[in-house]
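A quick write-up on the structure given underneath.
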Amino acid sequence: MDQDTQLLVILVVLLVLFLLAVIIFVLFSVFMKRKNSLLREQIEAEKRYERAIAETQIEIREETLRNISWELHDNIGQLLTLAKIKAQNVEGGEEMLEVAETIGTGLNELRALSKSINPEAINGQSLLKSLENEVARFNRLKFLSADYDVIGDPVAINPKVEIVLFRIVQEFMSNTMKHSKASTLQIRVHFKADALEVTALDDGIGFDSERLLQKGIGLSNIDKRAELIGAHARISSIEGAGTQLKLNYPLD
């Protein structure tokens, strides 16, 4: 075999090896692309499943709140109304009038509470109005002094998103009343150019954030609700220096 023939054979072998390498590379690229696509589909499917579960849980909670609202309004409300009428008709002077007045006040607050937890009532009003009513209800109860402030120009938000945002703040306010021993509560709604920021701050006893965050006590509902609507919620607290909720929802 002469030198030219050997060179030709070498070139052919090299060409075949090169083509094999190209084919292997293409097959590997197709395989990796398909693998990554399947992984993305799996991740998206898991997210859709988790979202469906979260939505179902929220729907169940809202339905439970609706039922409780009806029970408060229809059953307990009627009992208090009857008690008020009886107290007004009893001859007892000023004492019975005070009893009737107290029952009447309790009845009004019961109706306000019933409205604040009823999803149908909240659907008919904006986030700002719902927060305004809730702050007013807290002030009437006189457990603490609540303050409410709106900064920026309000923009329209999906009503379903507004309900979730309100429930998050409402849960924080409820926890403040029950556990914080606070004397003041400040709620601020800030409409920024690209986001809605809601801040709730109390001056209560606070808690060890790290310890409770590790256990997830009292935060899971807020986190799940925020995640469902694409918002970010952060609770921070210092023992003896109060607790703060910062809720951020991006505006399209």
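To convert, note that position 197 of the sequence shown is 197 in the UniProt record's numbering; the numbers rise steadily by one, no gaps. Backbone N, C-alpha and C fix where the C-beta goes; we use that ideal spot for every residue, glycine too.
Query                                                                                                                    : Result
Range of the contiguous alpha helix (DSSP H) that encloses residue 159                                                   : 159-175
Close-in-space but distant-in-sequence residues of the same chain around residue 158 (CB under 6 Å, 5 per side omitted)  : none
Cβ-Cβ separation, residue 194 to residue 250 (assumed contact under 8 Å), whole Å                                        : 6 Å
Residue 179 versus residue 131 - alpha carbon distance                                                                   : 20 Å
Residue range of the unbroken alpha helix (DSSP H) whose run includes residue 197                                        : Premise fails: residue 197 lies in the beta strand (DSSP E), 195-202, not in any alpha helix (DSSP H).
Per DSSP, cross-strand counterpart(s) of residue 232                                                                     : 248
Buried/exposed call for residue 216, threshold 16 Cβ in 10 Å                                                             : Note that residue 216 scores a pLDDT of 48, beneath 50, so its modelled location is shaky and nothing firm can be said.
Cβ pair residue 233, residue 168 closer than 9 Å                                                                         : yes
Limits of the alpha helix (DSSP H) - the one that residue 130 falls within                                               : 127-141
Secondary structure of residue 223, DSSP reduced to three states                                                         : helix
Euclidean distance between Cα positions of residue 197 and residue 136                                                   : 21 Å
Nearest to residue 126 (by Cα), restricted to the options 164, 185, 142, 101                                             : 164
Start and end residues, beta strand (DSSP E) containing residue 190                                                      : 184-191
Buried versus exposed, by CB contacts within 10 Å (16 or more), residue 145                                              : exposed
Where the beta strand (DSSP E) containing residue 155 begins and where it ends                                           : Looking at the DSSP string, residue 155 is not in any beta strand (DSSP E), and its letter there is neither H nor E.
Nearest-angstrom Cα separation, counted from residue 171 out to residue 201                                              : 13 Å
Between the CA atoms of residue 227 and residue 33 - distance to the nearest angstrom                                    : 29 Å
Nonlocal neighbours in the same chain, by C-beta distance under 7 Å from residue 183, ignoring five residues either side : 144, 145, 203
For residue 21, three-class secondary structure by DSSP                                                                  : helix
Cβ-Cβ distance between residue 206 and residue 237 below 9 Å                                                             : yes
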